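Colleague: If you scroll down you'll find the structure; I have some questions about it.
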Amino acid sequence: MSSKRPSTAEQRLAEQMREALHEYDTRKAAEQAAAESLDHRLLRAASARLIWKAVEPTLPDLMTEASREGWTADRIADAFGVTPTYVYRKLREHRAE
44 MSSKRPSTAE
54 QRLAEQMREA
64 LHEYDTRKAA
74 EQAAAESLDH
84 RLLRAASARL
94 IWKAVEPTLP
104 DLMTEASREG
114 WTADRIADAF
124 GVTPTYVYRK
134 LREHRAE
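The numbering used here applies: residue 44 is where the sequence shown begins, and numbers increase by one.
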């Protein structure tokens, strides 16, 4: 059985095919990572939204309690990442209820 060495053209073709396969694998891996990242981000966002929806109705009570304990509107606002104006509005609305 004789073994023939591949020609230069065959070697170039084989190298091009290896490069194309490597590029394909790299692109697919990047797409898969992006898809997993998107899935993870969507799940985190959905979870955060559900938690927020459960907590949101309690905010006026919590702000009122903090105010009664001596917290300033600025301090409450800092804790919630909102403006003092928002805190004052929520406190007024809560007193009116």
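Backbone N, C-alpha and C fix where the C-beta goes; we use that ideal spot for every residue, glycine too. In this text the structure is predicted, and so the values were computed from the model without any measurement.
On the CB-based measure, 16 or more other CB atoms within 10 Å of its CB, does V130 come out buried or exposed?
Modeller: Residue 130 sits at position 87 when you count from the first residue of the sequence shown. Looking at its Cβ environment, which holds 16 or more other Cβ atoms inside 10 Å, V130 is buried.
Colleague: Which residues bound the alpha helix (DSSP H) around T128?
Modeller: Taking the sequence shown and counting its residues from 1, one reaches residue 128 at position 85. Residues 127 to 139.
Colleague: Answer with buried or exposed for M60, where buried requires no fewer than 16 other C-beta atoms within 10 angstroms of its C-beta.
Modeller: As a working mapping, residue 60 is identified with position 17 in the sequence shown. Label assigned to M60: exposed.
Colleague: Should I94 be labelled buried (16 or more other beta-carbon atoms within 10 Å of its own) or exposed?
Modeller: The residue labelled residue 94 in the question sits at position 51 within the sequence shown. That one is exposed.
Colleague: For A116 versus P127, is the C-beta spacing smaller than 8 Å?
Modeller: In the sequence shown, residue 116 corresponds to position 73, counting from 1. In the sequence shown, residue 127 corresponds to position 84, counting from 1. Against a cut-off of 8 Å, the Cβ pair of P127 and A116 comes out as a contact.
Colleague: Tell me which residue opens and which closes the alpha helix (DSSP H) that K96 is part of.
Modeller: As a position in the sequence shown, residue 96 is number 53, starting the count at 1. Note, K96: alpha helix (DSSP H), 51 to 98.
Colleague: If you draw a straight line from the alpha carbon of V98 to that of Q75, how long is it in whole angstroms?
Modeller: As a working mapping, residue 98 is identified with position 55 in the sequence shown. As a working mapping, residue 75 is identified with position 32 in the sequence shown. V98 and Q75: Cα-Cα distance of roughly 35 Å.
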